[in-house]
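Data block below; observations after.
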Amino acid sequence: MQNRRVLMAALALSATAAFGAPAMAQQGKVTVVTSFSKDVTDPVKKAFEKANPGLTLEVQNRNTNAGVKFVEETRSNPQSDLFWASAPDAFEVLKNKKLLQTYQPKAKGIPEKVGAYPINDKDGAYFGFAASGYGIMWNERYLRANRIPEPKEWSDLTKAAYHNHVSIASPARSGTTHLTIETILQGEGWDKGWGTIKAMAGNFNQIAERSFGVPDAVNSGQVGIGIVIDFFAFSAQGAGFPVKFAYPSVTTVVPANVAIVAGAPNRAGAEAFIEFILSPAGQEVLLEPTIRRLPVNPEVYAKAPAGFPNPFKDANFKAMMTFDVDRSEARTAVVDTLFDQLISFHLNDLKAITKMLHEAEANLAKKDSAPARAALAEARKLIAAMPVTEDQASKDPEIVGAFRGGADAKTRRAEFEQRWAAFAKDNYAKAKTLAEQAVAQSR
Amino acid sequence: MPAARSLPALRMALATPGQWMTILGIAAFLGLYLVIPVAMVILVAFQDPNTGALTLVNFADFARNELFLRSFANSLYVSGMSVVWATIFALPLAYFTTRFEFRGAAIIQTLGVIPLIMPPFAGAIAMQLLFGTNGSINLLLDEWFAFKLPFMDGLNGVIFVQSVHYFPFILINLTASLRNIDRSMEEAAQNLGASGFRLFRKIVFPLAMPGYIAGASLVFIKVFDDLATPLLLNVKDMLAPQAYLRITSVGLNDPMGYVISVVLIVFSVFSLFIASQATRGRDYATVQRGGGGLSKRPLKALDTVMAYSVILLILALVLAPHIGLFLLSIATIWSFSPLPDGYTLAHYGRVLAESGQFIWNTLLYATLAGLIGIGIGTAISYIVLRTRVPGREWLDYVASAALAVPGVVLGIGYLRTYFGIPLPGGQPLTSFWIIIVIALAVRRLPYALRACMAAMQQISVSLEEAAENLGATKASTIRRIVMPLMTGGLLAGFVTSFATAAVELSATMMLVQNTADAPLAYGLYVFMQSPAGRGAGAALGIIAVLIVGISTYLSQSLAERDRRAKAGG
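Chains G and A supply the protein sequences, listed in that same order.
Here our numbering is used: position 238 in the first sequence is 276, and no number is missing along the way.
Here our numbering is used: position 273 in the second sequence is 274, and no number is missing along the way.
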């Protein structure tokens with residue numbers, strides 16, 4: 039059946055080519071699988087249907103992972119036309135499994151890159167329609183009530199003032215958080231980057247299970263500070279919540295994407311949607327208060343509200359690092375697993391030790407003590423230590439094999455997880471003893 | 002006096018042809034919609050992740066993993082403690098409303114069921130807003146007395162939310178049981194001098210045991226298998242969340258998630274087995290009907306005040322999430338303050354304009370799922386308790402195992418098994434809304450089944466024997482004698498499965514392929530993913546609670562009327 043469909047599509051295409059038929063008024067339903075909330079999809083749907091009378095947009099809301107799995111499980115008889123989400127790596131997964139249809143958008147006025155990141159996939163499998171950067175969001179009332187200064191950099195979040203006030207989503211569960219972690223690792227280097235991440239983690243209040251859990255907790259004031267993607271903060275501001283957002287200097291902007299599903303039942307309608315979202319009219323919808331994403335067409339920024347960031351003009355975007363997708367892709371599962379095994383599942387220990395370290399630090403500021411300082415430094419080193427090097431994470435055949443699977447793999451993934459968990463447990467136990475020493479000696 | 006089961010005397014074949022047909026039908030249903038789809042998915046647990054060969058090595062990995070073992074222990078602890086607290090909430094409500102002449106018994110019963118109808122996401126968000134570290138209560142405590150109480154921290158938070166959420170299982174089943182106790186038992190005990198707490202402890206509670214066990218085992222398994230609440234409270238070191246995290250983040254082909262699912266399923270079946278052993282070998286059936294239920298007595302003035310205070314206190318606590326949700330649904334902005342900044346009805350306007358279809362779908366799906374549930378539930382109870390087909394308990398165990406199957410696993414299993422089968426017209430079978438109904442029915446069948454079992458255990462088989470001796474066929478005995486006597490239990494089963502199906506999300510999430518077919522819980526999820534949608538999502542949640550609440554109230558009043566009619570006749 040699939041073959042027949044492909045054949046029909048090919049016939050239809052060649053007919054279009056032969057007669058050079060202009061884009062005719064389309065009919066029917068365009069089905070899109072998306073991780074975007076109703077606040078994003080509703081205004082887009084309205085504008086799209088207005089611009090393309092006869093077409094209706096059918097929105098299926100799923101989180102990114104479930105969406106990928108859905109497209110995968112339904113490949114024998116595709117029911118959706120488009121996949122529309124933030125995380126570029128989800129699109130990489132689909133592309134590698136040959137689940138996306140290549141296409142060449144006709145829309146004009148969209149540059150090659152936003153920040154340092156190419157807007158479209160080099161093979162034409164998916165297309166950026168909006169840009170997003172990673173950073174820190176906070177609740178103003180919460181910070182004022184707890185007398186905490188506004189954070190600006192990742193390293194600020196490692197300070198004592200922020201202990202138990204920070205929240206993040208698990209990178210294994212949230213594509214955007216994964217990119218944030220990867221950005222810090224690429225920007226600061228593997229060892230220093232993990233050091234920063236673990237020092238921040240010692241100040242975490244919680245590790246949320248879904249991306250939106252973090253802005254939700256910050257909006258309602260359950261937690262003061264969240265590590266999030268920018269539009270969570272901008273759309274919360276748009277909805278009236280007392281929150282603010284800052285891009286740290288080590289960050290990046292990456293595009294949110296849209297792609298045509300291979301074997302889409304309404305391919306012409308899918309193309310019409312892509313052309314619409316890349317057109318000036320479609321790009322302007324992104325500025326709605328409930329959406330607030332950075333358009334990829336620079337001209338649209340003329341209509342943006344005051345204070346809205348412009349990645350094509352603002353100086354701090356120019357300085358942002360180049361994000362290496364291939365490097366990220368090669369070690370995705372390893373990085374996420376390391377985060378969970380070293381941080382998520384030991385969070386209480388890590389927090390308790392970090393609290394003691396903050397205490398020792400405060401004591402030392404009043405009265406210096408060399409042995410306490412040495413114990414403190416040694417404890418920090420133990421916490422920051424990693425069970426694998428950067429090279430091992432992406433190149434060691436044993437590790438790569440275990441995480442990719444396949445008949446030639448010698449070790450199971452579960453074995454590495456155990457090893458790393460044991461490593462963390464061991465190091466944190468030693469660090470705890472040292473931290474206790476440091477506190478005692480610095481009194 | 003309980004009629005001893007005079008079974009051996011009865012000339013009973015293993016089963017009649019009609020019963021065999023029923024057994025085959027049920028087995029086919031369970032096979033097609035539970036066993037096969039789940040097997041398609043959990044097969045992975047028994048395969049070597051690298052080579053695909055069959056192996057048990059993954060289970061060894063499980064046993065060697067400190068995190069999984071800790072999770073297992075935590076899950077057991079939380080489930081056990083939740084049963085304890087759920088019992089503390091449920092006992093007074095059930096006892097007072099059935100035992101005494103009590104104004105507003107139907108309303109109290111209904112309000113007691115409402116916590117079960119906690120729409121996903123909404124419940125935990127509302128609880129955080131009230132009881133969280135920076136929730137209303139703690140903000141006020143901090144302001145007035147400069148300290149905070151960690152209601153919602155770690156495992157205690159999970160126990161708190163779970164026992165508030167699931168105690169109605171005990172309440173519903175215990176109430177149904179209490180209503181079925183023969184009042185002559187109680188009178189006999191009183192004539193012999195028992196009264197007060199002793200009467201309750203020695204006579205009433207033991208006779209109501211089937212209902213209590215049914216409810217308590219549901220609470221235990223449900224808490225053991227629930228993943229949403231721990232995850233929303235950011236507790237990850239429990240078993241069900243670990244399974245979910247593995248499956249959804251590591252990937253469909255990672256064996257550990259399924260290993261954990263297998264452990265969950267096996268353990269749930271095991272605890273049902275333990276529960277069935279607890280009521281085995283005892284007889285709970287009473288012959289006399291019509292005078293059904295404990296005799297209601299008036300309370301003395303002082304006792305009335307005390308009883309009402311206890312009940313009001315419990316209700317205030319268990320309804321707190323709904324109060325929080327209601328506030329959220331009429332709030333403009335609610336951020337780091339004891340109460341919202343301002344109030345508005347705009348959210349309801351938005352939801353009513355956009356979500357009519359969701360509401361209708363929910364009513365349709367949940368009703369169908371509830372009916373399928375009690376239909377199959379009654380049939381299974383009858384086969385298990387009234388026939389001697391060898392291995393009949395397995396129908397019970399298999400159907401109950403559905404409780405332990407994570408919704409995600411069931412959803413993926415359906416997609417894998419049925420996606421390739423096209424409907425006439427070329428669309429896959431899984432895009433037909435009926436598949437959502439079947440998924441809901443299978444997932445909620447255990448609730449209905451437990452209620453039906455408890456109801457049937459309390460009917461003396463001698464009533465059926467009498468009917469048959471008077472010439473009634475098996476079929477008409479079931480229709481004329483068994484079913485009417487079970488009405489209360491059936492209703493309890495229907496209400497639980499209807500109410501919980503109305504707010505189910507995890508399997509639905511995988512199976513919804515068309516917004517026009519989506520139920521309300523899905524709409525709520527969609528709203529709750531954005532800052533501006535929080536109020537609208539809460540409004541939709543309140544609408545869900547109202548719909549299910551009203552349906553429950555209607556069935557409670559029906560049950561009450563039915564009971565009175567029987568008592569009067």
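All residues carry an ideal CB built from backbone N, CA and C; glycine is no exception.
Predicted model, so just to flag it, every value in this text is computed and none were measured.
> Got a sec? Which residues, its chain only, sit under 8 Å from Pro60/G by beta carbon, not counting five neighbours each side?
Replying inline: Here the model assigns Pro60/G a pLDDT of 38, short of 50, so the residue's position is not dependable, and the following value carries that caveat. In its chain, beyond the 5 residues on either side, no residue has a beta carbon closer than 8 Å to the beta carbon of Pro60/G.
> Taking Cβ-Cβ distances shorter than 7 Å, what residues in chain A pair up with Ile219/G?
Replying inline: The CB of Ile219/G never comes closer than 7 Å to any CB in chain A; the least such distance is about 14 Å.
> If you draw a straight line from the alpha carbon of Tyr415/A to that of Phe225/A, how long is it in whole angstroms?
Replying inline: Tyr415/A and Phe225/A: Cα-Cα distance of roughly 24 Å.
> Does the beta carbon of Gln530/A sit closer than 7 Å to a beta carbon anywhere in chain G?
Replying inline: Taking Cβ atoms only, chain G reaches closer than 7 Å to Gln530/A, which makes this a yes.
> Contact between the stretch 123-136 of chain G and the stretch 212-222 of chain G: three or more CB pairs below 8 Å?
Replying inline: Counting C-beta pairs closer than 8 Å gives three or more between the stretch 123-136 of chain G and the stretch 212-222 of chain G, which meets the contact rule.
> Just the Cα atoms here: how many angstroms apart are Ala47/G and Leu137/G?
Replying inline: For Ala47/G, the predicted structure reports a pLDDT of 44, less than 50, and the residue's modelled location is therefore unreliable. The matter cannot be settled from this model.
>> Just verifying my parser: in three-state terms, what is the DSSP assignment at Ile422/A?
In response: Coil, per DSSP.
>> Which residues in chain A have a C-beta closer than 7 Å to the C-beta of Asp77/G? List them in chain order.
In response: Ordered by position in chain A, the residues that pass the 7 Å Cβ test against Asp77/G are Ser531, Ala533 and Gly534.
> Based on the DSSP secondary-structure assignment, which residues constitute the bridge partners of His173/G?
Replying inline: Per the sequence shown, residue 173/G should be read as Gly rather than His. Bridge partners of Gly173/G: Val266/G.
>> In whole angstroms, give me the CA-to-CA distance for Arg71/A and Leu240/A.
In response: Between Arg71/A and Leu240/A, the C-alpha separation is close to 9 Å.
> Does DSSP classify Thr379/A as helix, strand or coil?
Replying inline: In this structure, Thr379/A counts as helix in the three-state DSSP scheme.
> In chain order, which alpha helix (DSSP H) runs of at least 4 residues are fully inside the stretch 245-312 of chain G?
Replying inline: Entirely contained in the stretch 245-312 of chain G, the alpha helix (DSSP H) runs reaching 4 residues are, in chain order, 251-258 and 268-276.
> Which whole-angstrom value describes the C-beta separation of Tyr245/A and Val42/A, a residue pair presumed to lie in contact below a C-beta threshold of 8 Å?
Replying inline: Actually they do not touch by this definition, with Cβ atoms about 13 Å apart.
> Quick one: Cα of Leu44/A to Cα of Ala189/A, how far?
Replying inline: Cα-Cα distance, rounded: 56 Å.
> Interface residues of chain G around Phe420/A at Cβ under 8 Å?
Replying inline: Residues of chain G passing the Cβ test: Glu111, Thr112, Ser114 and Asn115.
>> By alpha-carbon positions, which one of Asp255/A, Gly325/A, Ile551/A and Ile334/A ends up nearest to Phe441/G?
In response: Looking at the Cα atoms, Asp255/A is the closest of the given residues.
> Taking the Cβ atom as the reference point for each residue, do Ala460/G and Ile391/G lie within a distance shorter than 7 Å?
Replying inline: Here Ala460/G is not near Ile391/G, since their CB atoms are 7 Å or more apart.
>> On a Cα-Cα basis, can you pick out the residue from Lys76/G, Arg100/G, Ala294/G and Val78/G that is closest to Gln514/A?
In response: The shortest Cα separation from Gln514/A among Lys76/G, Arg100/G, Ala294/G and Val78/G belongs to Arg100/G.
> Taking the C-alpha atoms as reference points, what is the distance between Pro91/G and Arg445/A?
Replying inline: Inter-residue distance for Pro91/G and Arg445/A is about 43 Å (C-alpha atoms, whole angstroms).
> Closest by CA to Ile109/A, which one among Gly472/A, Ile173/A and Val79/A?
Replying inline: Here the closest residue by C-alpha is Ile173/A.
> Which residue from Asn202/G, Val372/G, Ala342/G and Thr328/G puts its Cα closest to that of Val78/G?
Replying inline: Closest option to Val78/G, Cα to Cα, is Thr328/G.
>> Measuring only the C-alpha atoms, how far is Ala4/A from Ala452/G?
In response: Residue placement at Ala4/A is poorly supported in this model, since its pLDDT is 42, which falls under 50; the coordinates still yield a value, given next. The straight-line gap from Cα to Cα measures roughly 57 Å.
> Pairing CB atoms from the stretch 514-534 of chain A with CB atoms from the stretch 415-434 of chain A, are three or more of them under 8 Å?
Replying inline: With the cut-off at 8 Å, the stretch 514-534 of chain A and the stretch 415-434 of chain A touch.
> Where does Arg199/A land, buried or exposed, given buried means 16+ other C-beta within 10 angstroms?
Replying inline: Classification for Arg199/A: exposed.
> Sorted by chain position, which residues of the same chain lie with C-beta nearer than 6 Å to Ser273/G's C-beta, five sequence neighbours on each side aside?
Replying inline: These residues qualify, in order along the chain: Thr328 and Arg330.
>> Considering just the uninterrupted stretch of the beta strand (DSSP E) at Phe121/G, what are its terminal residues?
In response: Taken as a continuous stretch (DSSP letters only), the beta strand (DSSP E) holding Phe121/G covers Leu120 to Ala123.
>> Count Cβ pairs between the stretch 530-546 of chain A and the stretch 326-335 of chain A that sit closer than 8 Å; are there 3 or more?
In response: The stretch 530-546 of chain A makes contact with the stretch 326-335 of chain A, as at least three CB pairs between them are under 8 Å.
> alpha helix (DSSP H) containing Asn470/A: first to last residue?
Replying inline: Per DSSP, Asn470/A belongs to the alpha helix (DSSP H) from Val462 to Asn470.
>> Just list the residues that DSSP pairs Asn99/G with in beta bridges.
In response: DSSP lists Thr72/G as the bridge partner or partners of Asn99/G.
>> Going by DSSP in three states, Pro60/G sits in which element: helix, strand or coil?
In response: Unreliable placement is indicated for Pro60/G, whose pLDDT of 38 sits below 50; no coordinate value is reported for it.
> What residues of chain A sit near Asn99/G, judged by a beta carbon separation below 7 Å?
Replying inline: Residues of chain A passing the Cβ test: Val527.
> Comparing the C-beta of Glu247/G with each C-beta of chain A, is any distance below 7 Å?
Replying inline: Yes, Glu247/G lies at the interface with chain A (some Cβ there is under 7 Å from its Cβ).
>> Classify Leu313/A: buried if its beta carbon has 16 or more other beta carbons within 10 angstroms, exposed otherwise.
In response: Label assigned to Leu313/A: exposed.
> In three-state terms, what does DSSP make of Ala533/A?
Replying inline: Three-state DSSP puts Ala533/A in a helix.
>> Using a Cβ-Cβ cutoff of less than 8 Å, which residues in the same chain neighbour Pro341/A once the five nearest sequence positions on both sides are dropped?
In response: Listed in chain order, the non-local C-beta contacts of Pro341/A below 8 Å within the same chain comprise Leu328, Leu329, Ile331, Ala332, Thr333, Ile334 and Trp335, local neighbours out to five positions each way being set aside.
> Given a limit of 8 Å on CB to CB distance, which residues of the stretch 106-135 of chain A reach chain G?
Replying inline: Of all residues in the stretch 106-135 of chain A, the ones placed with a Cβ closer than 8 Å to any Cβ belonging to chain G are Ile126, Gln129, Leu130, Gly133, Thr134 and Asn135, in chain order.
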